[in-house]
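Engineer:
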Amino acid sequence: MYSQKESENVKSLVIAVADFLLTQSTLKFDALFTRRLRLAVDCLEKVYSINLRDYLLRRNSLSLPEMFKRASNPVSIKNQLQAEQCKLRGNRFLYQERYSLAEAEYTKAVRLNDLNPVYFCNRADSRIRQGRYKMAIEDCQKALSLDPHYAKAYARLGTAYFMMNHPAKAARCYKKALKIEPKKEIYLRTLGYITQPTNRCGFEILNPLHRLKKNFVSLASSFAPLRGVGDYEYHSFTNETPALRSPTILQFSEMID
């Protein structure tokens, strides 16, 4: 009897096969060839209850040839160990607010082992802190292609979207993170902040540029992490007293991998 995760992994593999066959059916101008491939895809879709939404959900996932290539060329133990050391150095630089150095270490980890989604997700964090939101989004999407159930990657993707003035996308990302980890308080708090009511329009998703207009410029590069055992908080630098300062999405704490 398959567990839920095993069943999802099997379905993901079947979707990759079906997607590959659909692509192959468009490469050859042979009606019989195309018809037989489409018939095979129809059978897979019926047996495994695959629909269009399933195909859309795995748009950023690995293709079947990529899966085969990675399975046949595993990362060496030496590279895995070196990559972990790079990640640990990156984490230390992150706590020290040396974000570009942290990014460099995570990049080394990615080059040594590009099968570990944590390295991409951590690099996304360092890039968000530097205001490099588009690159952070790419890293989060890569992490999710390696692990579609990586809640933290959805959360960081949401943060990057929010800082790029896409609060609706940000909210969707945090909802996906909550679907995976429904009891994660930090995701609930952040989603609540993104969707809290405004003074003029009632309950609606906020415009982050309006919320952060007083300190938006400094947010991209000036964050003070709260040091603790394995976690940190983002804090923006402003001249306001803590009691008067409005909360921002970057103030919510999050564990680092």
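The opening residue of the sequence shown carries number 1 in UniProt numbering; numbering runs sequentially from there.
By construction, the Cβ of each residue, glycine as well, lies at the ideal position given by its N, Cα and C atoms.
Remember, predicted model here, so these are calculated numbers, not experimental data.
Once the 5 residues before and after residue 276 are set aside, which same chain residues still bring their CB inside 7 Å of it?
Structural biologist: As displayed, the chain neither begins before 1 nor continues past 257, which places residue 276 out of reach and without an answer.
Engineer: How about residue 259 and Lys142: do their beta carbons lie closer than 7 Å?
Structural biologist: Any answer about residue 259 is impossible in this case: the structure gives the chain only from 1 up to 257.
Engineer: Could you work out which residue in Ala155, Lys183, Lys184 is closest to Ala171 when comparing CA atoms only?
Structural biologist: Answer by Cα proximity: Ala155.
Engineer: Under DSSP, the alpha helix (DSSP H) around Arg127 begins and ends at which residues?
Structural biologist: Where Arg127 is concerned, the enclosing alpha helix (DSSP H) stretches over 117-129.
Engineer: Are there three or more Cβ pairs, one per stretch, closer than 8 Å when the segment 75-89 is compared with the segment 36-47?
Structural biologist: No contact exists between the segment 75-89 and the segment 36-47.
Engineer: Inspect the beta-carbon positions of Ile137 and Ala160 and report whether they are closer than 7 Å.
Structural biologist: Result yes, Cβ atoms of Ile137 and Ala160 sit closer than 7 Å.
Engineer: By Cβ distance below 6 Å, which residues in the same chain neighbour Leu146 in space, the five residues on each side in sequence not counted?
Structural biologist: Excluding positions up to five away in sequence, the list reads Pro117.
Engineer: Go ahead and label Ser126 buried or exposed: buried means 16 or more other beta carbons lie within 10 angstroms of its beta carbon, across all protein chains shown.
Structural biologist: So Ser126 ends up on the buried side.
Engineer: According to the neighbour-count rule (16 or more other Cβ atoms, all chains shown, within 10 Å of its Cβ), is Lys213 buried or exposed?
Structural biologist: Note that Lys213 scores a pLDDT of 38, beneath 50, so its modelled location is shaky and nothing firm can be said.
Engineer: According to the Cβ coordinates, are Glu105 and Gly90 closer than 7 Å?
Structural biologist: Yes, they are a contact pair.
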